[in-house]
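Contents: one structure, followed by commentary.
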Amino acid sequence: MESQTPANPKNPSEEIDLGQLFNLIGRGFNRLFNVFLRLFIYLRRHGIKLGILAVIGLAAGFGLNQIVTKKLKTEVIVKPNLESQNYLYDVIAEIQSNIEARDTTFFAAIGIKAEEIKKLKVVVEPMEKEEQERTDQDLKYLELLEKYRTDILVEDVVRTEILNNTSLNHRITFFYRSAETGRENVRKIMDYINSNEYFKELSAITVENAKERMTQNQGLVTQIDGLVANYSQRMSESGTQGEGRIILDQEEQLDITGLLNLKNALIRDIERKKLEILRQKGAIRVINLGTTQAVQKSFFGKNIVLIPLVLMGIYILIDLLRYLNRKANEFQN
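To convert a position in the sequence shown, counted from 1, into the numbering used here, add 43.
Next up, the structure:
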């Protein structure tokens, strides 16, 4: 019988030499160790100088922190009324533009001194929306109310709820230096923002309409109370159990249950109108006027950390340039 030879002999170049692999890994660790060793030698040689620079930087940073006035801020949470969101961003942009232009006439008109303008900055940004789960619940609630849009009272509720859910809260941040006058200047700027004549008239009309609706609803509630009282009196006089209906002189029947439901709806509408009047005080409703607080810088943005790092970095850069210059001279020679 003929001897069989392997059909696919292995190529020696395809075989993995574990010895070479471990050798490469060993070389890699040696190089890494050499890097750490050189770093250690460098720090041992220059550690005293670097330490002196670090101490000088710490002292300089501490001194600057004592001399330089800290930057302060006040955050104001607001909610635009009467579709005034675009107005809010436009008026903030106007105020910031006047700050950058050092418009003393503009700020003098609202009671802010000229020397405080250059230290002032105003920014506005929308706040994050509420949790998605709550938003979905609100949308389902609005869809349910939409089914009853033929009812005037329910239609008004739908309109109010849609406006409340589509209008986000916004954060206006005021940056300044003076703790004594900064917060008072914030109040003056907020008063200026709410001084727009168009929105003041619109707010006044909205409040007046709400008060008229409350008066009408209260009159209807009084009439319903009279009808229910008349019904109760007739029931007590007749001494019989009624079927929940009022029989008038012309034998017309009214559903007492429907009247009570209507009364409850009117009362709820009165409560909503009271809240609407409270919310319609100005184009921009202030939800929270924050207190004065210091602006917190990042760790590497603080003078007491930044200055030592800069001094040591300059020293290391100069030493590196010297090393490169020495190697260049050796290469030329």
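Virtual Cβ for every residue (Gly too), placed ideally from N, Cα, C. Quick caveat, the model's predicted, so the values are computed rather than measured.
Item: The region 217-228 touching the region 129-136, judged by at least three CB pairs closer than 8 angstroms; Value: no
Item: Short Cβ contact (8 angstroms threshold) for residue 125 with residue 326; Value: yes
Item: Classification of residue 160 by the beta-carbon crowding that lies within 10 angstroms, buried from 16 upward; Value: buried
Item: As assigned by DSSP and simplified to three states, the class of residue 145; Value: coil
Item: Cβ-Cβ distance between residue 115 and residue 335 below 8 angstroms; Value: yes
Item: Three-state secondary structure assigned by DSSP to residue 252; Value: helix
Item: Secondary structure of residue 153, DSSP reduced to three states; Value: coil
Item: Option in 262, 65, 308, 218 with minimal Cα separation from residue 113; Value: 218
Item: Range covered by the beta strand (DSSP E) that runs through residue 115; Value: 115-123
Item: Extent of the continuous beta strand (DSSP E) to which residue 331 belongs; Value: 327-332
Item: Residue of 62, 117, 86 minimising C-alpha distance to residue 223; Value: 117
Item: CB contact flag (residue 212, residue 121, <8 angstroms); Value: yes
Item: Top-ranked residue by Cα proximity to residue 390, from 359, 234, 97, 77; Value: The structure shown does not extend to residue 390, since the chain is modelled only from 44 through 376, so no value can be given for it.
Item: Residue 306, enclosing alpha helix (DSSP H) - first and last residue; Value: 299-322
Item: Three-state secondary structure (DSSP) of residue 162; Value: coil
Item: Any 3 or more C-beta pairs closer than 8 angstroms across the region 249-259 and the region 315-324; Value: yes
Item: For residue 337, the three-state DSSP class (helix, strand or coil); Value: strand
Item: Beta bridge counterpart(s) of residue 214 as assigned by DSSP; Value: 120, 168
Item: Whole-Å CB distance - residue 232 paired with residue 153, under 8 angstroms assumed; Value: 7 angstroms
Item: Alpha-carbon spacing of residue 359 relative to residue 104, whole angstroms; Value: 20 angstroms
Item: Pairwise C-alpha distance: residue 248 and residue 146; Value: 34 angstroms
Item: Short CB-CB distance (under 8 angstroms) between residue 163 and chain C; Value: Although the question refers to chain C, the structure presented lacks it and comprises just one protein chain.
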